[in-house]
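Read in order, the letters of the sequence shown correspond to residues 1 to 267 in full-length UniProt numbering. Cβ coordinates follow ideal geometry from the N, Cα and C atoms, glycine included. Accompanying notes for the structure given below.
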Amino acid sequence: MDQEVFDDNKIEHIPINEIRPNPYQPRKHFNEHALEDLAQSIVQHGVMQPIVVRKSIKGYTLVAGERRLKASRMAKKTTIPAIIKQITDEEMMVLSIIENLQRENLTAIEEAESYQQLMTHLELTQVEVAEKLGKSRPYIANMLRLLALPSRIQKLITSGKLSSAHGRTLLPLKEEDVMMTVAQKSMRENWSVRTLEKYVNDFVFRAPRKESVTQKPKLIRQYEEQLKDLYGATVDIAVVKKTGRITFEFTSEEEFKRLIDELSNKE
């Protein structure tokens with residue numbers, strides 16, 4: 001991209017206060033410490049690489065280089081070296097995404113949102129997005145799956161607490177509260193994606209069996225309700241011939257500790 005954007009273009013110093021934000025900027029999270037370091041470098045050495053803008057009705061619109069622009073403002077600069085490009089909205093969106101991808105600036109969620117933005121605003125298919133960005137269609141499809149996750153899971157991915165692969169593995173669970181419980185367990189126990197996948201598959205495989213609760217003998221269902229009232233937790237009793245198991249369910253670490261205390265203190 002650097003060769004395509006910067007070679008054989010005239011660099012001009014333009015007023016920073018005349019530059020408007022890029023409406024298609026996919027990046028939403030910036031590391032403040034890294035920005036401060038860049039601002040200090042700009043104070044000492046100036047902006048080493050020009051930003052890219054396009055002329056607008058009032059001033060300029062940023063195309064690429066938001067970190068350099070933010071850091072220059074922090075450094076109290078009034079002008080910044082820039083290359084002025086004549087480009088369409090489509091080219092502007094694609095350039096913004098490519099620059100961030102090449103610099104590895106985007107979180108997985110931001111990357112997925114940028115692909116969705118291209119598809120929505122430019123009415124592109126996954127195949128067309130993949131071709132424009134030099135990605136495979138399965139890669140684009142996999143990234144877009146992250147947007148089906150609840151916002152709480154997306155925040156875990158954005159913060160780096162949960163990987164995008166772990167996030168995608170949670171999708172079969174469907175219910176947000178269940179996803180959060182399993183995600184927290186995965187993070188707490190430092191599960192690999194393979195371990196999480198096995199747990200999710202086992203969970204999904206077991207889940208339909210609970211729907212057959214009405215087929216249980218009346219006495220067993222009564223015992224389940226008694227234990228539920230006694231311990232304040234969902235209880236499942238499975239009986240096979242003369243053996244069986246009693247399962248207590250919990251949805252948080254606090255509930256788990258409470259159950260252990262309750263069970264330990266019962267005489």
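Taking a 10 Å sphere around the C-beta of Gly-59, we find fewer than 16 other C-beta atoms and assign the residue as exposed. Around the beta carbon of Val-240, fewer than 16 other beta carbons sit within 10 angstroms, so the residue counts as exposed. Taking a cut-off of 8 Å on C-beta distances, the segment 131-138 does not touch the segment 146-153, as fewer than three cross pairs fall below it. DSSP places Gly-160 in the coil class of the three-state scheme, outside both helix and strand. Per DSSP, the beta bridge partners of Pro-81 are His-13. Arg-245 has Ala-238 as its beta-bridge partners, per DSSP.
The shortest C-alpha to C-alpha distance from Arg-68 to any of Thr-158, Lys-216 and Asn-100 is the one to Asn-100.
Secondary structure remark: continuous alpha helix (DSSP H) runs of at least 4 residues inside the segment 42-122, in chain order: 66-74, 89-102 and 108-122.
Spanning the alpha carbons of Asn-190 and Ala-183 requires a straight line of approximately 10 Å.
Apart from the 5 residues on each side of it in sequence, Tyr-223 sits with its Cβ closer than 7 Å to the Cβ of Ile-237 in its chain, given in chain order.
Counting the other Cβ atoms within 10 Å of the Cβ of Pro-217 gives fewer than 16, which makes it exposed. Ile-97 sits buried, since 16 or more C-beta atoms from the chains shown fall within 10 Å of its C-beta.
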